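The structure under discussion appears below in the form of structure tokens.
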Amino acid sequence: MIPNPNVSRKPFPLPVVALGPGTQNDDAPEFPQFPKEMHTFTAPHGWMLRETGCSEAAVAWLERFFQAIAQCPEGPVVAAVDELSEPQRRWIEDAFGVGEVVAQTAAPFSLRVRESAFPGIWHEVVLGADGAVVRDEWRYAPYSAKLVDAMTATSHDVCTPPQAPTGVMNGPALVEELRHWAGKGTMGHAVHVLNLTLLPLTPADLQMLNDWLGPPMVAIAIRSYGQCRVASTRLRDVWRVQYFNSMDALILDTIEVTRLPEVVRAAPEDLALTRSRLADYLAELAR
């Protein structure tokens, strides 16, 4: 059809924009890179462990530990490795692998805790003042009880509120709320949670809270698709829990009132899966 030149046409309201490679200017949006790796469970093969030349004593210790877990599936089961040599201890560490949770305490004792590749199996090492190993043991339980003991020993139910500096807005109200909830945590769920990310807080508010809660005596890191960092405070049962994405950017900042944050504990489903994996692992060692 030939267009009629006498007919008027309205201008097209939307601009025509070129698309495709090389057509975007410097204001084009930039998207963050997505993580390319995730940590997944891989049980060591029995033949690989046997080739390390470990003695029968370490294998026997491992079998006794597995059998004790089978007899007490809810835990806790604690087994020390003090009678084993250093090479045998390293062999056991290789056998259990590395999990998602690591923790350490600064007081009242120096403790290093690491979760194994089997959720709910924890390696607890108590160090002396000179850095020497005082106690080396493995624990099967939903959590490491020594972390709760360290938090309890280095915290208080009552703390004097701080002086409010210039620029503080909602900090004093949060302080009074935490003073009310201190020492009222339970080991089933978080009794009270403050989501600092959603609250209107000034930099002075956050600084006052950080100074008042004090440096952590218990520090825990959970790695997964990103990372979670948990730190104790000077208030009993009050924990600082922060979540970071894979680019190490803070995405959620909370304060939890509980005996131990749930993110640190192994769920009953995790323990059941661990028992199943241990049974398969024990059969692999016997091959």
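In this text, residue positions in the sequence shown follow the working numbering: the first is 267, and each later residue adds one.
From the three backbone atoms N, C-alpha and C, an ideal C-beta is built for every residue, glycine too.
Small disclaimer: the values here were computed from a predicted structure and weren't measured.
Query                                                                                                                      : Result
Backbone CA spacing between G437 and A470 [nearest angstrom]                                                               : 8 Å
Residue range of the alpha helix (DSSP H) that includes Y509                                                               : Looking at the DSSP string, Y509 is not in any alpha helix (DSSP H); the run it does join, the beta strand (DSSP E), is V504 to F510.
Residues near K450 by beta carbon distance below 7 Å, same chain, minus five either side                                   : V457, D503 and V523
Bridge partner(s) assigned by DSSP for H422                                                                                : L501
Distance between beta carbons of T420 and P374, contact taken as under 8 Å                                                 : 6 Å
Nearest-angstrom Cβ-Cβ length linking P385 and L539, presumed shorter than 8 Å                                             : 7 Å
Inter-residue Cα distance where the pair is G363 and W388                                                                  : 11 Å
Outcome for Y406 when other beta-carbon atoms lying within 10 angstroms are tallied against a minimum of 16                : buried
Continuous beta strand (DSSP E) stretch holding R380: start and end                                                        : S376 to E381
Rounded C-alpha distance that separates E340 from P431                                                                     : 49 Å
Distance CB(T468)-CB(G492) smaller than 8 Å                                                                                : no
Whole-angstrom distance between V392 and V347, CA atom to CA atom                                                          : 12 Å
Nonlocal neighbours in the same chain, by C-beta distance under 6 Å from C494, ignoring five residues either side          : I488, Y509 and V529
Under 8 Å between C-beta atoms of A345 and L413                                                                            : no
Rounded C-alpha distance that separates M314 from L551                                                                     : For M314, the predicted structure reports a pLDDT of 47, less than 50, and the residue's modelled location is therefore unreliable. A value from the coordinates is still provided. Using only the alpha carbons, I get a separation of about 10 Å.
Collapsed DSSP secondary structure at A552 in the structure displayed                                                      : helix
Chain-order list of residues whose beta-carbon lies under 8 Å from that of T452 (same chain, five-residue window excluded) : T524 and R525
Spatially closest choice to H422 from T463, W447 and Y409, by CA coordinates                                               : W447
Best match in A323, L479, V400 and A372 for proximity to W357 [C-alpha to C-alpha]                                         : A323
Environment of A294 [buried if 16+ CB atoms lie within 10 Å]                                                               : With a pLDDT of only 49 at A294, under 50, the local geometry of the prediction cannot be trusted, and the value read off the model is given with reservation. It counts as exposed.
Beta-carbon separation (whole angstroms), E381 vs E366, contact threshold 8 Å                                              : 6 Å
Per DSSP, cross-strand counterpart(s) of V344                                                                              : R405
Inter-residue spacing [alpha-carbon to alpha-carbon] between P353 and A326                                                 : 15 Å
Helix, strand or coil at D396 [DSSP, three-state]                                                                          : coil
Sub-8 Å separation of M483 and A395 beta-carbons                                                                           : no
Beta-bridge partners of H458, as assigned by DSSP                                                                          : V523
Length of the line joining the Cα atoms of A383 and E329                                                                   : 17 Å
Where L350 sits in the DSSP three-state scheme                                                                             : coil
Burial state of S351, where buried means 16 or more other Cβ atoms lie within 10 Å                                         : exposed
Identified DSSP bridge partners for H389                                                                                   : R380 and W404
Distance, S376 Cα to L475 Cα                                                                                               : 26 Å
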